[in-house]
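J.:
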Amino acid sequence: MNSVRQPAVAGSFYPGQAAALAHEVSTLLAEVPSHIGSAGPVPKALIVPHAGYIYSGATAALAYARLAPARHSIRRVVLLGPAHRVPVRGLALPDDDALATPLGQVAIDRAAVAQLAQLPQVVVSRSVHAHEHALEVQLPFLQTVLDDFQLVPLVVGHASAEDVAEVLERLWGGPETLLVVSSDLSHFLPYRAAQQADSQTMQAILRLDGPLSQQQACGGTSINGLLLAARHHGLQPRLLGMCNSGDTAGDLARVVGYAAVAFMEVDHAN
3 MNSVRQPAVA
13 GSFYPGQAAA
23 LAHEVSTLLA
33 EVPSHIGSAG
43 PVPKALIVPH
53 AGYIYSGATA
63 ALAYARLAPA
73 RHSIRRVVLL
83 GPAHRVPVRG
93 LALPDDDALA
103 TPLGQVAIDR
113 AAVAQLAQLP
123 QVVVSRSVHA
133 HEHALEVQLP
143 FLQTVLDDFQ
153 LVPLVVGHAS
163 AEDVAEVLER
173 LWGGPETLLV
183 VSSDLSHFLP
193 YRAAQQADSQ
203 TMQAILRLDG
213 PLSQQQACGG
223 TSINGLLLAA
233 RHHGLQPRLL
243 GMCNSGDTAG
253 DLARVVGYAA
263 VAFMEVDHAN
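To convert, count from 1 in the sequence shown and add 2; that's the working numbering.
Structure (structure tokens):
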């Protein structure tokens, strides 16, 4: 019998009913300005935030709108995000056959998982995934902008940038494979201090200059691995937009930073 990881934050981070969720995601995507959205090359990799949609959904949509031209061609998504709930050493896959949201199920790419089986930094843990929101909140966007795709979901815990980069290299593939790193930026600084800190962090990302600390980005380990791989493959990053929770629905005294970044292959970049 197939095992399915059920949604943990439906109804809190995003709408719990399918119709309401589909409407919200479609609305967020429709509001992306055309010069940011489907204009330009399809990214090989994305950095997207993972807060509740009221806080960071509009920023995430800036990145996901860029996938529209590849709706039929992207068949595998390698999705990485930090462990918020259960600590883990290495990168954890779920012990499941699919991940569910109110929009349906996304199958795990078993062939890709088999490619990772011999890597010592990759482990399997259902408990790490069970209540983790960082990956889950990305799924409704992916289900909306892509057609038939499979998923390689990895919660990243205590690991090195090299550990992450090795996994990305193993699954790099061609245009059928998209890499997505789920990460917010600074946490709980005052509004102006957060703007300054996040701007410095973004300049480092755009220079492909790691490593980032966990204070700079909660998904810093995943980003660091992506930056290593991006340098190796000559990817060109582009900032699509950034803000913080003080700009959307939060208190200006303690904010969380968000950014959307697309990484393009240089041969096809603007």
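Note that CB positions come from ideal geometry on N, CA and C, so glycine has one too.
Identify whether His270 lies in helix, strand or coil by the three-state DSSP scheme.
T.: In the sequence shown, counting from the first residue as 1, residue 270 sits at position 268. A caution first: His270 carries a pLDDT of 47, below 50, which makes its placement in the model too unreliable to give a value.
J.: Suppose you measure from the CA of Leu23 to the CA of Ile225; what does that come to, to the nearest Å?
T.: For the purposes of this step, residue 23 is taken as residue 21 along the sequence shown, with counting starting at 1. For the purposes of this step, residue 225 is taken as residue 223 along the sequence shown, with counting starting at 1. Taking the straight line from one Cα to the other gives about 28 Å.
J.: If I follow the unbroken alpha helix (DSSP H) through Asn226, where does it start and stop?
T.: One-based indexing of the sequence shown puts residue 226 at position 224. 222-235 is the extent of the alpha helix (DSSP H) around Asn226.
J.: Am I right that Leu121 and Leu170 are in contact with their C-beta atoms under 8 Å? What's the rounded C-beta distance?
T.: Sequence index remark: in the sequence shown, residue 121 carries index 119 (1-based). Sequence index remark: in the sequence shown, residue 170 carries index 168 (1-based). That pair is no contact at about 11 Å.
J.: Using a threshold of 9 Å, state whether the C-beta atoms of Asp97 and Ser5 are closer than that.
T.: Residue mapping note: residue 97 aligns to position 95 of the sequence shown, counting from 1. Residue mapping note: residue 5 aligns to position 3 of the sequence shown, counting from 1. For Asp97 and Ser5, yes; Cβs fall inside 9 Å.
J.: So that I know if they touch, is there some Cβ in chain D lying closer than 9 Å to that of Ala206?
T.: The chain labelled as chain D is not found in the depicted structure, where only one protein chain is given.
J.: Under the three-state reduction of DSSP, which class applies to Ile110: helix, strand or coil?
T.: Within the sequence shown, numbered from 1, the residue matching residue 110 stands at position 108. The answer is strand: DSSP assigns Ile110 an E or B state.
J.: Just mark Ser184 as buried or exposed, buried being the case when its beta carbon has 16 or more other beta carbons within 10 Å.
T.: As a position in the sequence shown, residue 184 is number 182, starting the count at 1. So Ser184 counts as buried.
J.: From the DSSP output, in three-state form, read off His131 for me.
T.: Here the question's residue 131 lines up with position 129 in the sequence shown. Reduced to three states, the DSSP call for His131 is helix.
J.: Going by C-alpha distance, which of Leu31, Thr61, His135, Trp174 is nearest Pro9?
T.: Translated into positions along the sequence shown, residue 9 becomes position 7. With distances taken between Cα atoms, Pro9 lies closest to His135.
J.: Which runs of the alpha helix (DSSP H) at least 4 residues long sit entirely within the segment 63-129? Give them in chain order.
T.: For the segment 63-129, whole alpha helix (DSSP H) runs of length 4 or above, ordered along the chain, are 112-117.
J.: Would you identify the three-state DSSP class for Ile207, choosing helix, strand or coil?
T.: Your numbering for residue 207 matches position 205 in the sequence shown. Of the three classes helix, strand and coil, the one that applies to Ile207 here is helix, per DSSP.
J.: What are the boundary residues of the alpha helix (DSSP H) that includes Gln218?
T.: Locating residue 218 in the sequence shown gives position 216, counting from the first residue. Neither: Gln218 is in no alpha helix (DSSP H) and is coded neither H nor E.
J.: Going straight from the alpha carbon of Val2 to that of Val154, what length do you get?
T.: Past the boundaries of the shown model lies residue 2; the chain is included only from 3 to 272, so the question cannot be answered.
J.: Applying the criterion that 16 or more other CB atoms from any shown protein chain within 10 Å of the CB defines a buried residue, is Ser188 buried or exposed?
T.: Within the sequence shown, residue 188 is the residue found at index 186, counting from 1. By the 10 Å Cβ count, Ser188 comes out buried.
J.: Who does Ser184 pair with in a DSSP beta bridge?
T.: Taking the sequence shown and counting its residues from 1, the one referred to as residue 184 is at position 182. Beta-bridge pairing links Ser184 to Val50.
J.: Can you tell which of Val147, Leu118, Ala53 has its C-alpha closest to the C-alpha of Gly83?
T.: As a first step, residue 83 is located in the sequence shown; it is residue number 81 there, counting from the start. Closest by alpha carbon: Ala53.
J.: Report the option in Pro43, Pro239, Gln198 whose CA atom is closest to the CA atom of Gly259.
T.: Reading the sequence shown from its first residue, position 257 is the one you call residue 259. Per the Cα distances, Gln198.
J.: Answer with buried or exposed for Glu168, where buried requires no fewer than 16 other C-beta atoms within 10 angstroms of its C-beta.
T.: Translated into positions along the sequence shown, residue 168 becomes position 166. The residue is buried, with at least 16 neighbouring Cβ atoms inside 10 Å.
J.: Can the beta-carbon of Val125 be found less than 9 Å from the beta-carbon of Leu93?
T.: Here residue 125 is taken as the residue at index 123 of the sequence shown, counted from 1. Here residue 93 is taken as the residue at index 91 of the sequence shown, counted from 1. It is a contact, given that the beta carbons lie within the stated cut-off.
J.: Could you spell out the range, first to last residue, of the alpha helix (DSSP H) harbouring Val158?
T.: For the purposes of this step, residue 158 is taken as residue 156 along the sequence shown, with counting starting at 1. Looking at the DSSP string, Val158 is not in any alpha helix (DSSP H); the run it does join, the beta strand (DSSP E), is 152-158.
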